[in-house]
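Trainee:
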Amino acid sequence: MSCTKRYMGYKVGSVGFFPVLNQSTAEVRICTGSWDEPENRLSVCRVVSDTADTVQVELLSQIKHVHDVMDLHCPSPDCVVSASGSGSVYLYSYVGNSLQCSGEFKSSECAVNKVYSVIPDVVSCGEDGSINVSRLERGGLDKYCGKRDTCAVNGLNVNRNLEVVTANAAGQLKLWDTRASGNGPERTLSVAGGTTVGLLCVDRHSYQQHSLATGSVDGRLCFWDLRKEGTPVVLLEGNSSPIWDLRFNPNQPEFLYSCSGNGAVWQWNVSNGDWLATELERRLDIVPILSPSAGTETMSVNSLDILGDIALCGSDDESIYIFTGIV
Amino acid sequence: MIEKFVGLSVYYLIMSSASTTQSYVIPGCRPSDNGLGVRWVLGNKLFVYPRGATENLPGRTEVEAGDSVEVYPVSWETDLYNPAIRKLVTGSRATFLEVQRVKASSSEAGSRESASRLRRSWWDCSREYREHIRQVVADLQGNPNSDDEQLIQNYSSAELVWDACEIFFLETPTAGALVLRLLRWVQSHFSAVELQAQELLQHNEPHQHPEYWNVLHKFILQGKVSQARQLLGARPSGKSDIYKIYEDMDSLLSDMPVYRPGWSLIEFGIRFRQWQERVTRLVNDGVFAPNPGLESAARILAGCELHPFLHLFDSAYEMAVSRAAFAKPTATAVEFQHLAKPCVDAYGGPSALGDVDSVVHAVVNFDMMGVLSLTTARLRNPWLSAHLCDLFHQSDEEFLHGARMRDGFVLDYAAQLVSHPSLWQFAVDYLTTCGEEGRQHLEAYLSRIPAETANKLNKILSVCEANRLVGLRASLCKQEARRQSGLGCWGNALLWCMRSGDAKFASCLANEFLEEYLVSRRLPVPSLLDNLGPEMLMAPELTFLAKYREFHSLYERKQITDAFNLVLNLLTSNLTPKKLWPLLLSDCLLIVEAGGNKDSSTPCPSSHQCYELMHCLEEYQTKTEAGLWETSVDGETADTMGLLRLALVRALARALQYDIRYEPDEIET
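Those protein sequences? They're chains R and V, same order as listed.
Per the working numbering, the first sequence starts with residue 1, numbered consecutively.
Per the working numbering, the second sequence starts with residue 328, numbered consecutively.
Dropping the structure here:
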């Protein structure tokens, strides 16, 4: 596994890969968004393998973004949706090597925390607990379904059938049916003990749709089985800093990647691929693929994405890290 | 660049930079007003406002409530807004932390780090810093922009000064190696001659170019022997005597001894003197007389005084190094000071030196305090002052007699960082190295950083937790809870309130929830209240709220017995706020009137419970009428109480019948 660091010049709030439709072209494009800047921006870059070990990152296009880029997602090779700290969801199209804004949906005055798109629908969740589904219509995004959670929703996962799972700041995982009327969730699961430690991110196993992982503010990783009621099946202590993002490896989901508030990125690996079995700790192998060098523990890694065998992280030290050959 | 706020006249804001003083009229301010008031915000921002007529009277320092005042924010940019400098900030932070780490590991008890290895570490850090500055200058030069000229100049000077400090304080080369190293210093920082040479060589006949001799002499003075020879070679070749002297010069240059570290000084001294004697002989014999340019070159090589070449130097110390290279290449640092003196005098003496020269003068004279004060006063580069001072303080605490000066510079630099909206996270690392004062600054800054999203607030709180700023952490959580409740996000407000750990605030918020319930008859965020966990014990009102919600959910699930037990418990314990008694009494009425739990075999309420509830009723009535509780019995409440009494009588009758039949021993008489 090799790591390349590329200085971007702004604090990187969110990163994402554009999907690659044709494996043989091997041009990988990424999208990065800044946060906490006087002028925030969304950038598209090309990643090219230089030698066996390093990659070159080349900036293709950049556009101003209103407020922080809280999250972004690239549902297709020419389209980006972003969640903004101003409360809107923006749709950008990437055509002819430049980004243009082609739609906006104003969710509320509170920041939109996460966004995900399964074309033509866009699901977003916000700090006021609102969960909205909007559709790409001519001229922009129109909301057609809205739900409300009791507190800030920090994590979102949407599968191909538009089944929505959210993780909120009270330590609850909720399932929502976007086709049903009514404001409330279909099911609620909570972290055991009623302690309200906020969850920050959630991701679903690539093959086992009932299996989910969440990361929380106190650094714990929980695994949930949707077939069972109530509480997480497994609770793991990582380090004590918040887990900002996590991803299962889409092709090899016995690998899980997490990035934390102290600047560490870890690879978790369970030997038999079963995250929900008991005594997970015995079969677990944790490899730090990025460690904070001494004293730089205040620079958190905010966002993480995986495509094939390349992983991408964005950090508060104004850089992105690209890991090749992760499995 | 505006650097400091100087003063306020009646209605002008005057700000001063190095070269200009500018005034700004604050709009909306009339001459009849009482002048301008000002408040610092954060770093490079001020709020300016016209003072009312009565402010500043004795005994009165603030604007009275009710006065409306227009406030004007004034802010000015710093270097840090430039992207190239920002890269310096990010990169040098890592080196700064490395310096702290080296210091920490060296002062650990039992550290085996040898002195020379430690010295090497400091030297490595110094070179890293210089690499960062070089990168900045390269980036700035690659991005042509008229504003950047000044910055390029600033940071080139910064590297020059840093390099000089590195040579004299960290590297401390021995005699022989010192002059060699100083020549390298001159070559890298006074490199304008390279451009001139390139231009020259592109000329058809370089040796006819008016600048040819200047460039050649400059190369020789800087010790760039091979380039001098290359330039010399760019002449028409020929066999006549005119061209032979070029060959003589070339052979002199090629034979010039250059010190290699490790050689014997005495032996090198002898060889150099012999070579110089040869040069002097040639000069005295008039070999180079036909060509004035070559003759001057030969005089330089012979070690003559350099005053005739003053026009070729940009700086007194450039001249001093050239003098040392030919007058005494085996000079030690102290001897170099003496050699430099006439050069400094040629520029008007130490007090007339330029900004950069005056700093180098202090370096050469080992006056570290002078270096730092001149760097601050003349070069005006807070990055340079802070990092240079820190490196030298950590490498040798004797240098600066304690940490006060170093802390001062680092705090100033951190203040600059905090002025930029994004760089506050970098400032944290600097502030935490400044002891208690740094911690106080950190607390003050963190409390003023605007946090518009929960993510940012979480990061600020991580910093608070890492630095044990408990009070600030609680305060920030409370502020966020207040903001969320203002936006109507009850769930968020409750979560932040619990995170703050402040019991009084929790009471306050719980009361707001209950007010909301009284108005809308619905508890906000019931599913959240179901899951509160042990934090509900933070404040009595919060506990009541959680229990009351539990009562509601038991009632909804038709667990009437448990629900009634709970509500009675709430009344008989002291948990229920007085003003909510009517509410709970009417809840009891609902259950009792309906006959309790029809499905249960035991009556609900039991006789014991009836007596307790009657007692509660009486207590409420008497205490309210006596004015001991801050409640009043209005019409609706009186009706409720009447109905409840009636229902209780019936319920008691049922309960007593049950007791007589099934539990005769338990009957109370």
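Backbone N, C-alpha and C define an ideal beta-carbon position, used for all residues, glycine too.
Note that the coordinates shown come from a computational prediction; the quantities given were computed from them, not determined experimentally.
For P385 (chain V), count neighbouring Cβ atoms within 10 angstroms of its own Cβ and tell me buried if that reaches 16, exposed if not.
Mentor: Residue numbering aside, residue 385 (chain V) sits at position 58 when the second sequence is read from its first letter. With a pLDDT of 49 at P385 (chain V), under the threshold of 50, the modelled position of that residue is not reliable, and the figure given next carries that caveat. Burial is judged here by how many other beta carbons sit within 10 angstroms of a residue's own beta carbon; P385 (chain V) has fewer than 16 and is exposed.
Trainee: Does DSSP put T388 (chain V) in a helix, in a strand, or in coil?
Mentor: If you number the second sequence from 1, residue 388 (chain V) lands on position 61. Any reading at T388 (chain V) is ruled out, since the residue's pLDDT is 49, under 50, leaving its predicted position unreliable.
Trainee: Does DSSP put K906 (chain V) in a helix, a strand or coil?
Mentor: As a first step, residue 906 (chain V) must be located in the second sequence, where it is residue number 579. Correct three-state label for K906 (chain V): helix.
Trainee: Identify every run of the alpha helix (DSSP H) within the stretch 905–986 of chain V, keeping only runs that are complete inside it and at least 4 residues long; order them along the chain.
Mentor: 908–920 and 934–952
Trainee: Using a Cβ-Cβ distance under 8 Å, would P400 (chain V) count as near chain R?
Mentor: On the second sequence, residue 400 (chain V) is found 73 positions in, with the first residue counted as 1. So, not an interface residue.
Trainee: For E39 (chain R), tell me which candidate among R:Q62, R:A52, R:R46 and R:E229 has the shortest Cα-Cα distance.
Mentor: Mapped onto the first sequence, residue 39 (chain R) falls at position 39. Residue R:Q62 is the option with its Cα nearest to E39 (chain R).
Trainee: If you draw a straight line from the C-alpha of F332 (chain V) to the C-alpha of V66 (chain R), how long is it?
Mentor: As a working mapping, residue 332 (chain V) is identified with position 5 in the second sequence. As a working mapping, residue 66 (chain R) is identified with position 66 in the first sequence. Residue confidence for F332 (chain V) is low, a pLDDT of 43 falling below 50, so the modelled location carries little weight; the figure read from the coordinates is stated next. Each residue's alpha carbon lies about 32 Å from the other.
Trainee: Assuming H536 (chain V) contacts L543 (chain V) under a Cβ cut-off of 8 Å, what Cβ separation, rounded to an integer in Å, is found between them?
Mentor: By one-based count along the second sequence, residue 536 (chain V) stands at place 209. By one-based count along the second sequence, residue 543 (chain V) stands at place 216. The pair is not a contact, with the Cβ atoms about 11 Å apart (cut-off 8 Å).
Trainee: In chain V, what lies closer than 8 Å to G230 (chain R) by C-beta?
Mentor: In the first sequence, residue 230 (chain R) corresponds to position 230, counting from 1. Within chain V, no residue comes near G230 (chain R); the closest Cβ sits about 11 Å away, beyond 8 Å.
Trainee: From the DSSP output, which residues share a beta bridge with A713 (chain V)?
Mentor: As a working mapping, residue 713 (chain V) is identified with position 386 in the second sequence. According to DSSP, A713 (chain V) bridges with nothing at all.
Trainee: What ranges does the alpha helix (DSSP H) occupy inside the stretch 221–309 of chain R, keeping only unbroken runs of at least 4 residues that lie completely in it?
Mentor: none
Trainee: Sort out for me which residues DSSP pairs C313 (chain R) with in a bridge.
Mentor: Position 313 of the first sequence, counting from 1, holds the residue named residue 313 (chain R). Answer is R:L304 and R:Y321, bridged to C313 (chain R).
Trainee: Taking Y144 (chain R) as the reference, which of R:G155, R:R179 and R:A169 has the closest Cα?
Mentor: As a position in the first sequence, residue 144 (chain R) is number 144, starting the count at 1. With distances taken between Cα atoms, Y144 (chain R) lies closest to R:R179.
Trainee: So which of R:D50, R:E27 and R:N113 has the shortest CA-CA distance to G13 (chain R)?
Mentor: In the first sequence, the residue the question calls residue 13 (chain R) occupies position 13. The shortest Cα separation from G13 (chain R) among R:D50, R:E27 and R:N113 belongs to R:N113.
Trainee: Can you check the stretch 100–145 of chain R for any beta strand (DSSP E) of at least 3 residues that lies completely inside it and give the ranges in chain order?
Mentor: 112–118, 121–126 and 130–137
Trainee: Does the pairing of the stretch 880–895 of chain V with the stretch 831–841 of chain V give three or more beta-carbon distances under 8 Å?
Mentor: At 8 Å Cβ cutoff, the stretches do not touch.
Trainee: In whole angstroms, what is the alpha-carbon distance linking A491 (chain V) and E458 (chain V)?
Mentor: Against the second sequence, residue 491 (chain V) aligns to sequence position 164. Against the second sequence, residue 458 (chain V) aligns to sequence position 131. When rounded, the distance between both Cα atoms is 14 Å.
Trainee: I want to see whether chain C comes within less than 8 Å of E127 (chain R), judged by CB atoms only; does it?
Mentor: The structure shown has no chain C; the protein chains it does contain are R and V.
Trainee: Under 8 Å between beta-carbons, which chain V residues line up against S190 (chain R)? List them in chain order, please.
Mentor: Working through the first sequence from its first residue, we reach residue 190 (chain R) at position 190. Going along chain V in sequence order, the residues near S190 (chain R) (Cβ under 8 Å) are N858.
Trainee: Over what stretch of residues does the beta strand (DSSP E) that includes Y90 (chain R) continue unbroken?
Mentor: Here residue 90 (chain R) is taken as the residue at index 90 of the first sequence, counted from 1. Its beta strand (DSSP E) spans residues S88 to V95.
Trainee: Are at least three pairs of beta-carbons, each pair with one atom in the stretch 51–58 of chain R and one in the stretch 66–84 of chain R, less than 8 Å apart?
Mentor: A contact between stretches requires three or more CB pairs, one per stretch, nearer than 8 Å, and the stretch 51–58 of chain R fails this requirement with the stretch 66–84 of chain R.
Trainee: Taking 8 Å as the cut-off, does the stretch 511–531 of chain V touch the stretch 716–732 of chain V (at least 3 CB pairs, one atom from each stretch)?
Mentor: Put simply, the stretch 716–732 of chain V does not touch the stretch 511–531 of chain V. Fewer than three CB pairs are less than 8 Å apart.
Trainee: In this structure, does DSSP put P38 (chain R) in helix, strand or coil?
Mentor: The residue you call residue 38 (chain R) lines up with position 38 of the first sequence. P38 (chain R): coil per DSSP, three-state reduction.
Trainee: Helix, strand or coil for E186 (chain R), going by three-state DSSP, please let me know.
Mentor: Mapped onto the first sequence, residue 186 (chain R) falls at position 186. Three-state result, E186 (chain R): coil.
Trainee: Could you give the DSSP three-state label for G860 (chain V): helix, strand or coil?
Mentor: In the second sequence, the residue the question calls residue 860 (chain V) occupies position 533. DSSP places G860 (chain V) in helix when its eight states are reduced to three.
Trainee: For chain V, check one thing: does any of its Cβ atoms lie closer than 8 Å to the Cβ of K64 (chain R)?
Mentor: On the first sequence, residue 64 (chain R) is found 64 positions in, with the first residue counted as 1. It does not: the Cβ of K64 (chain R) has no partner Cβ on chain V nearer than 8 Å.
Trainee: Starting from C330 (chain R), find everything on chain V with Cβ-Cβ shorter than 8 Å and list it in chain order.
Mentor: Missing from the structure shown is residue 330 (chain R); chain R here goes from 1 to 327 and no further.
Trainee: Using a C-beta to C-beta distance shorter than 9 Å, which residues of chain V count as neighbours of A264 (chain R)?
Mentor: For the purposes of this step, residue 264 (chain R) is taken as residue 264 along the first sequence, with counting starting at 1. Residues of chain V passing the Cβ test: none, with the nearest at roughly 14 Å.
Trainee: So, helix, strand or coil for A169 (chain R), using DSSP?
Mentor: Looking up residue 169 (chain R) in the first sequence gives position 169. A169 (chain R) falls in the coil class under three-state DSSP.
Trainee: Counting only C-beta atoms, is T298 (chain R) closer than 8 Å to chain V at any point?
Mentor: Here residue 298 (chain R) is taken as the residue at index 298 of the first sequence, counted from 1. Taking CB atoms only, T298 (chain R) has a neighbour in chain V less than 8 Å away.
Trainee: Can you look up E58 (chain R) in the DSSP assignment and give me helix, strand or coil?
Mentor: The residue you call residue 58 (chain R) lines up with position 58 of the first sequence. In the structure shown, E58 (chain R) sits in a strand (DSSP, three-state: E or B).
Trainee: Kindly list the residues whose CB is nearer than 8 Å to the CB of F878 (chain V), restricted to its own chain and excluding five residues on each side of it in sequence; keep chain order.
Mentor: Here the question's residue 878 (chain V) lines up with position 551 in the second sequence. Cβ neighbours of F878 (chain V) beyond the five flanking positions: A890, L893, V894, L897 and D914.
Trainee: Does the beta carbon of E770 (chain V) come closer than 8 Å to any beta carbon on chain R?
Mentor: Locating residue 770 (chain V) in the second sequence gives position 443, counting from the first residue. Not one chain R Cβ lies under 8 Å of E770 (chain V).
Trainee: Give me the Cα-Cα distance between T888 (chain V) and I918 (chain V), rounded to the nearest whole angstrom.
Mentor: The sequence position of residue 888 (chain V) within the second sequence is 561, counting from 1. The sequence position of residue 918 (chain V) within the second sequence is 591, counting from 1. Their Cα atoms are separated by approximately 9 Å.
Trainee: Can you tell me whether K5 (chain R) is buried or exposed? The criterion is at least 16 other CB atoms within 10 Å of its CB, across all chains shown.
Mentor: Indexing the first sequence from 1 puts residue 5 (chain R) at position 5. Exposed.
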